[in-house]
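Quick notes on the structure that follows.
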Amino acid sequence: MTKTAKVILILFLFAPSFSLRAESFEELAKKGDEYFARRSTIENCLKAIEYYEKACALNPKEINIRLRIGELAHWTAGELGLETLDKKKQIEILKKGVKASEEVLKLEPRNPGAHYWRMWNLAAITVAEGIFSGGYSFKEAIVGTIFVANGDLNYYYAGIYRYWARVIYEIPGLLGKFFHFTDSDSIWLYQQSLAVAPNFFLTRYWMAESYVKMKQQDKAIEQLKIIIRTAPDTIPEVQIENRYYQEQAKKLLAKLDG
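Just so we're aligned: the sequence shown equals residues 406 to 663 in this note's numbering.
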């Protein structure tokens, strides 16, 4: 046996036992949290999801981490990577969010967060596949809305209002007329969300996009300027998201001013 082989054998036999030990639920969850805290990049988001999934595999009854996977999946594929990830990758990530949410619903069928993130991820899959793909179910969205409204109407900064406002924005005009939705309805819904959480920037940003669609540029600019002059850490828990939407607001404002 060569000297190198002997050294390798000795290291293998006498290496600390922890080097071969599988990571615990707590260790995996902690690593997921560390990447979640740096979720401003797609890469960190994917690492967070990876560690959270491994943690959940060790704890079939874990609720909060599965909800976070649902949130991260939409943030990663439905927002951060909307323009940069290919459709196949977007859908793959979003389906992780749906899966995690549905696992929560098996444990807690009325959990508002699970219904909420399931709705968002399913809707984002429909956008990725195409509105007329047949993947979107109004029935499931309505049922989910009922559970969120009954459980916690203000969940994720009154996001249920934002959800339906965005549905109205995304659906083609003909379908909107069929269901009697108008762009003015989306503005009203955004206003309800802002009444609860005026400093969650996504609401104002999407509201500005709706105003642009309605050819009310002055009102769009007003909302964008509010975002730009407000500190992102006004809501500490979502300062990463707020910084992202603040940058998006600057880009849209420059486009409108140009």
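Even for Gly, the Cβ is constructed at its ideal location relative to N, Cα and C.
Please read all numbers here as calculations on a predicted model, not as lab measurements.
Can you list, in chain order, the residues of its chain with a C-beta nearer than 6 Å to that of residue i? Leave out the 5 residues immediately preceding and following it.
| i | result |
| --- | --- |
| Tyr650 | Phe606, Leu607, Tyr610 |
| Ala533 | Lys492, Gln495, Ile496 |
| Leu485 | Ile447 |
| Ala505 | Arg471, Ile474, Gly475 |
| Gly549 | His520, Met524 |
| Leu416 | Low per-residue confidence applies at Leu416: pLDDT is 47, beneath 50, and the placement is therefore not dependable, though the value from the model is reported in the following sentence. The answer is none, since no qualifying residue turns up. |
Starting from the C-beta of residue i, find all residues in its chain whose C-beta is less than 8 Å away, skip the five residues before and the five after it, and write them out in chain order.
| i | result |
| --- | --- |
| Ile631 | Arg609 |
| Arg567 | Leu594, Tyr595, Ser598, Leu607, Thr608, Trp611 |
| Arg648 | Ser445, Pro637 |
| Ala600 | Ala563 |
What residue does the alpha helix (DSSP H) around residue i start on, and which one ends it?
| i | result |
| --- | --- |
| Arg567 | 560 to 575 |
| Ala427 | That residue, Ala427, is in no alpha helix (DSSP H); it is neither H nor E in DSSP. |
| Trp593 | 588 to 601 |
So, with DSSP's three-state summary, where would you put residue i?
| i | result |
| --- | --- |
| Ile498 | helix |
| Asp638 | helix |
| Leu487 | coil |
| Pro517 | helix |
| Asn464 | coil |
| Thr608 | helix |
| Tyr650 | helix |
| Arg443 | coil |
| Ile619 | Reading off the sequence, residue 619 comes out as Met, not Ile. Coil at Met619, not helix or strand. |
| His479 | helix |
| Thr550 | helix |
| Thr407 | coil |
| Gly663 | coil |
| Gly535 | coil |
| Ser542 | coil |
| Phe584 | coil |
Anyone know if the C-beta pair for residue i and residue j falls short of 8 Å?
| i | j | result |
| --- | --- | --- |
| Thr407 | Leu451 | no |
| Arg523 | Gly475 | yes |
| Leu477 | Phe441 | yes |
| Ile573 | Asp588 | yes |
| Ala602 | Ala554 | no |
| Ile536 | Ile576 | yes |
| Asn604 | Ile626 | no |
| Val509 | Leu527 | no |
| Ala462 | Ala434 | no |
Chain C beta carbons: is any one of them nearer than 8 Å to that of residue i?
| i | result |
| --- | --- |
| Lys630 | Among the chains in the structure shown there is no chain C, since it carries only a single protein chain. |
Note down, in chain order, each residue of its chain lying with its Cβ closer than 7 Å to the Cβ of residue i, except the 5 sequence neighbours on either side.
| i | result |
| --- | --- |
| Phe552 | Arg515, Pro517, His520 |
| Ile645 | Arg444, Ser445 |
| Lys655 | Ile633 |
Checklist entry - Quick one: any contact between the segment 491 to 499 and the segment 542 to 556, if contact means 3 or more CB pairs under 8 Å? => result Look at the beta carbons and you see the segment 491 to 499 not touching the segment 542 to 556: under three pairs across the two are nearer than 8 Å.
Next on the checklist: Counting beta carbon pairs with one atom in the segment 478 to 494 and one in the segment 514 to 521, are three or more of them shorter than 8 Å?
Outcome noted: no
Checklist entry - Just checking, does the segment 613 to 621 make contact with the segment 646 to 661 on the three C-beta pairs under 8 Å criterion? => result yes
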